[in-house]
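Trainee:
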Amino acid sequence: MLHFTKQRIRLFQKRSIKINQIHLKIVPILIIIITFIIAGSIILITNSVKSSRANDKNPHRSLVNYKSKKDSPFIEGCADISALKQDDLRANATFVILARNNELKDVLSSMESLERHFNQWFQYPYVFLNNVEFDENFQKIVKNNTNAKVEFGLIPSNHWKFENEDSWEFKESVEIQGDQGIMYGPLKNYHSMCRFYSGFFHKHELVRKYKWYWRVEPDVKFFCDLTYDPFLEMEKHGKKYGFTIMIKELWETVPNLFRLTNGFIKEQGLKKKSSWDLFVENINNKFIYNRGDFDSRYGNLQNEDEISDRFLELLKIQDLLKKTKKFNGQNDDSKLPNDEIKELITKASTTKKLPKLKGEEINGERYNLYHFWSNFEIARVDLWDNPIYDEYFQYLERTGGFYKERWGDAPIHSLALGFLLNLEEIHYFRDIGYQHTTIAHCPSNSLKNQLIYKQSDNFQFPNKKQDKFWENYDSPKSYGVGCRCKCPSGHKDIEDSDNDFLQKWFELNSDGYHKPRPININRIERLVRKTYRNGQFDR
């Protein structure tokens, strides 16, 4: 019976072996199942942020009024701008805008939004920087669109150009990034911009004379009125860095940045600050596990349920492999463990997959790629203009990573904050509505202090149509914090994205926060094995 299932299969020219055809049926199935199951180390189940995670019972974080002693909005709603006088105290602060002559339209768009929602009342100066001289037309039109002081600066050549940018190595490195489809990788000027903002903007003579800066990009939008002085409030509350959007970096742009940063910290003998926890997952503190195969088994899993499910799958795979050994030499494929195979295939095919988590792991810490989006920053100039940060930049510069890879200034600034500032020194400007490209944050309006808009005589963009548009601001909500915000139609807030980077911010800043008790994987495996062997699992 079934004699045709035993036949010689030619592997090499002079060799042949006998293979049971039942094995030919089982082995591919097992390979498929094992591939899916082992791939679990790179599978992140989409509902991994479950209710067991603190402070995240509502997936719509923008509908929650987060407050803590560590960090909260400086003012909810609107401050009384009519009480502000022109001779009132101002901070030693400026806007910093890197722009090209052909970006005049986008620059004016950003200025109009910024002046309408903030600077018409406060009149902070502007510093414009360019790697070539600004033309007269650009300067004239910009000055005509604000009553604030405006200065134009030229970036020193060695702060913009790479020393070896004419070399084969430089050109090949940038070209390869284009071949690999790395975002902005083949654009030399993009590398120059990121390098400039990482290591040189704070050294420019027009910036260095100020204590504070607010970075502004061409073609950004603001959606809420900011009726208090953010620089003075940060000074008052001991804050040194402020952000409004936090996102995740593309791994392929920074494959070696985390490793090099750790090398610098170790070399300098620096102590990591509490903000470091924003940017890493500490595997050693999160799990108790005695085996050395954590990544291959549980690499991307987040909680006890997922670990329990994974180990149960592994037990079933092991049993299936044992059962297939019984068929060695048998020809009756009706005895195959079809039910078990079908169950595992169904499980594997319905598992939802996300791309690999490629962040590096060093000494039990895995880089999660989170960073503050630096196209909006309000910070102290000396946060970067100091010997420690300068040495960090020079350390990175010596590796050639600013052109060999496509490092952005945002992850560099964020990782540096991890050894420069504690969490209490960083502020989330949750009340500032802001958009750059397609990514936006726009809060709901506070029930408190929604005061009537009063236009300043300094406003250089009067427009009755626009005035009417902004007068019709969004209805206040109990969880709102904004002042006269009008969010874009169909807006999906970055706070409500599927990623949990802002959830981590809220978690770490919550009052009474304690690091969660490590998940004891050894105990989970013992319980699952015992229950499975007793036939009590109904999963």
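Quick note, our numbering runs 1323 ahead of the 1-based positions in the sequence shown.
Quick reminder that beta carbons are idealized off the backbone N, C-alpha and C, glycines included.
1) Do S1767 and K1800 have their CB atoms nearer than 8 Å?
2) To which residues of the same chain is G1565 closer than 8 Å at the C-beta, ignoring the five residues directly before and after it?
3) Going by DSSP, what residue range makes up the alpha helix (DSSP H) through L1431?
4) Just how far apart, CA to CA, sit V1804 and D1502?
5) Please determine, among G1504, E1629, K1511, the residue with the shortest C-alpha to C-alpha distance to S1490.
6) Nearest by alpha-carbon distance to N1278: which of I1762, V1704, F1485, K1392 is it?
7) Once you ignore the five residues that flank E1848 on each side, which residues in its own chain have a CB closer than 7 Å to its CB?
8) Name the residue from L1412, L1643, G1835, A1763 whose alpha carbon lies nearest to the alpha carbon of S1812.
9) Indicate the three-state DSSP secondary structure (helix, strand or coil) for R1614 in the structure shown.
10) Quick one: measure Cβ to Cβ for L1740 and S1598, integer angstroms, because I've assumed they're closer than 8 Å.
11) Return helix, strand or coil for T1417, following the three-state DSSP convention.
12) For my contact list, L1431 and F1545 are in at a C-beta cut-off of 8 Å; report their separation, rounded to the angstrom.
13) In three-state terms, what does DSSP make of P1799?
14) Straight-line CA distance for L1624 to I1842?
15) Applying the criterion that 16 or more other CB atoms from any shown protein chain within 10 Å of the CB defines a buried residue, is F1792 buried or exposed?
16) Using the beta-carbon count (16 or more within 10 Å), is M1506 buried or exposed?
17) Cβ atoms of P1479 and V1497: under 8 Å apart, would you say?
18) Alpha carbons only, please: which of T1567, F1485, F1445, I1775 is nearest the one belonging to Q1758?
19) If you draw a straight line from the C-alpha of L1412 to the C-alpha of K1390, how long is it?
20) Given Y1718, which residues of its chain have a CB within under 6 Å of its CB, disregarding the five upstream and five downstream residues?
21) In terms of alpha-carbon separation, which member of L1601, T1760, H1440 lies closest to L1692?
22) Can you grab the Cα-Cα spacing for the pair Y1715 / R1518, in whole Å?
23) When you compare each of Y1796, N1424, E1540 to E1456 by their alpha carbons, which one comes out closest?
24) Over what stretch of residues does the alpha helix (DSSP H) that includes E1590 continue unbroken?
25) List the endpoints of the continuous alpha helix (DSSP H) containing R1840.
26) Can you tell which of K1526, I1398, Y1612 has the C-alpha that lies nearest to the C-alpha of N1709?
27) Let me make sure I understand the geometry here. Which of I1640, I1404, F1824 has the alpha-carbon closest to that of Y1855?
28) Closest to R1582 by CA distance: which of R1689, R1538, E1747, F1742 is it?
29) When we look at the beta-carbon of Q1500 and count the other beta-carbons within 10 Å, is it buried (16 or more) or exposed?
30) So what does DSSP say about I1735, is it helix, strand or coil?
31) Note down the Cα distance separating M1516 from C1810, rounded to an integer number of angstroms.
32) Just checking my contact of F1746 with L1831 at CB under 8 Å: how many whole Å lie between their CB atoms?
33) For L1825 and R1384, which I take to be in contact (beta-carbon distance under 8 Å), what is that distance rounded to the nearest angstrom?
34) If you reduce the DSSP assignment to three classes, tell me which class I1775 lands in.
35) To the nearest angstrom, report how far apart E1433 and F1784 are at their CA atoms.
36) In or out: D1458 buried (at least 16 other Cβ within 10 Å) or exposed?
Mentor: Taking the structure as given:
1) Here the question's residue 1767 lines up with position 444 in the sequence shown. Here the question's residue 1800 lines up with position 477 in the sequence shown. Cβ atoms of S1767 and K1800: closer than 8 Å.
2) By one-based count along the sequence shown, residue 1565 stands at place 242. If we look at G1565 and ignore the five residues flanking it on each side, its Cβ neighbours are P1553, M1557, E1700, I1701, A1702, I1749, H1750, Y1751, F1752.
3) If you number the sequence shown from 1, residue 1431 lands on position 108. Residues 1427-1437.
4) Along the sequence shown, one-based indexing puts residue 1804 at 481. Along the sequence shown, one-based indexing puts residue 1502 at 179. Their Cα atoms are separated by approximately 45 Å.
5) Position 167 of the sequence shown, counting from 1, holds the residue named residue 1490. Out of G1504, E1629, K1511, K1511 has the C-alpha closest to the C-alpha of S1490.
6) For residue 1278 there is no data in the structure shown, the boundaries of the chain being 1324 and 1862.
7) Against the sequence shown, residue 1848 aligns to sequence position 525. Excluding positions up to five away in sequence, the list reads F1634.
8) As a position in the sequence shown, residue 1812 is number 489, starting the count at 1. Closest option to S1812, Cα to Cα, is A1763.
9) By 1-based counting over the sequence shown, the position of residue 1614 is 291. Coil, per DSSP.
10) Indexing the sequence shown from 1 puts residue 1740 at position 417. Indexing the sequence shown from 1 puts residue 1598 at position 275. At roughly 5 Å, the Cβ-Cβ gap stays under 8 Å, so L1740 and S1598 are in contact.
11) If you number the sequence shown from 1, residue 1417 lands on position 94. In the structure shown, T1417 sits in a strand (DSSP, three-state: E or B).
12) Residue 1431 sits at position 108 when you count from the first residue of the sequence shown. Residue 1545 sits at position 222 when you count from the first residue of the sequence shown. Not quite, the Cβ-Cβ distance comes to about 14 Å (not below 8 Å), so this is no contact.
13) Counted from its first residue, the sequence shown places residue 1799 at position 476. It is a strand residue.
14) Here the question's residue 1624 lines up with position 301 in the sequence shown. Here the question's residue 1842 lines up with position 519 in the sequence shown. Distance between the alpha carbons of L1624 and I1842 is about 11 Å.
15) Reading the sequence shown from its first residue, position 469 is the one you call residue 1792. Counting Cβ neighbours within 10 Å, F1792 comes out exposed, since fewer than 16 surround it.
16) Residue mapping note: residue 1506 aligns to position 183 of the sequence shown, counting from 1. So M1506 counts as exposed.
17) Along the sequence shown, one-based indexing puts residue 1497 at 174. Along the sequence shown, one-based indexing puts residue 1479 at 156. No, they are not a contact pair.
18) Against the sequence shown, residue 1758 aligns to sequence position 435. Ranking T1567, F1485, F1445, I1775 by Cα distance to Q1758 puts T1567 first.
19) Looking up residue 1412 in the sequence shown gives position 89. Looking up residue 1390 in the sequence shown gives position 67. So the alpha carbons of these two residues sit roughly 28 Å apart.
20) Here residue 1718 is taken as the residue at index 395 of the sequence shown, counted from 1. Once the five neighbours on either side are set aside, the close Cβ partners of Y1718 are F1587.
21) The residue you call residue 1692 lines up with position 369 of the sequence shown. Nearest option by C-alpha distance: L1601.
22) One-based indexing of the sequence shown puts residue 1715 at position 392. One-based indexing of the sequence shown puts residue 1518 at position 195. Spanning the two alpha carbons is a distance of roughly 13 Å.
23) Position 133 of the sequence shown, counted from the start, is the residue given in the question as residue 1456. Nearest option by C-alpha distance: N1424.
24) Here residue 1590 refers to the residue found at position 267 of the sequence shown. Counting along the chain, the alpha helix (DSSP H) containing E1590 begins and ends at 1580-1591.
25) Sequence index remark: in the sequence shown, residue 1840 carries index 517 (1-based). Element bounds for R1840: n/a, residue is neither H nor E.
26) Along the sequence shown, one-based indexing puts residue 1709 at 386. When each option's Cα is compared against that of N1709, the closest is K1526.
27) On the sequence shown, residue 1855 is found 532 positions in, with the first residue counted as 1. Out of I1640, I1404, F1824, I1640 has the C-alpha closest to the C-alpha of Y1855.
28) Stepping through the sequence shown from its first residue, residue 1582 is reached at position 259. The shortest Cα separation from R1582 among R1689, R1538, E1747, F1742 belongs to R1689.
29) As a position in the sequence shown, residue 1500 is number 177, starting the count at 1. The residue in question, Q1500, is buried, as its Cβ has 16 or more Cβ neighbours within 10 Å.
30) Position 412 of the sequence shown, counting from 1, holds the residue named residue 1735. Note: I1735 maps to helix in three-state DSSP.
31) The residue labelled residue 1516 in the question sits at position 193 within the sequence shown. The residue labelled residue 1810 in the question sits at position 487 within the sequence shown. In a straight line, the C-alpha of M1516 is about 30 Å away from that of C1810.
32) Mapped onto the sequence shown, residue 1746 falls at position 423. Mapped onto the sequence shown, residue 1831 falls at position 508. Before going further, note that residue 1746 is Leu rather than Phe in the sequence given. Confirmed, Cβ separation roughly 6 Å.
33) One-based indexing of the sequence shown puts residue 1825 at position 502. One-based indexing of the sequence shown puts residue 1384 at position 61. Right, their Cβ atoms sit about 6 Å apart.
34) In the sequence shown, the residue the question calls residue 1775 occupies position 452. I1775 falls in the coil class under three-state DSSP.
35) Position 110 of the sequence shown holds residue 1433. Position 461 of the sequence shown holds residue 1784. The sequence shown places Ser at residue 1433, not Glu. Approximately 12 Å, taken between the alpha carbons.
36) To locate residue 1458, count along the sequence shown from 1; it is residue 135. It is exposed - the Cβ of D1458 has fewer than 16 other Cβ atoms within 10 Å.
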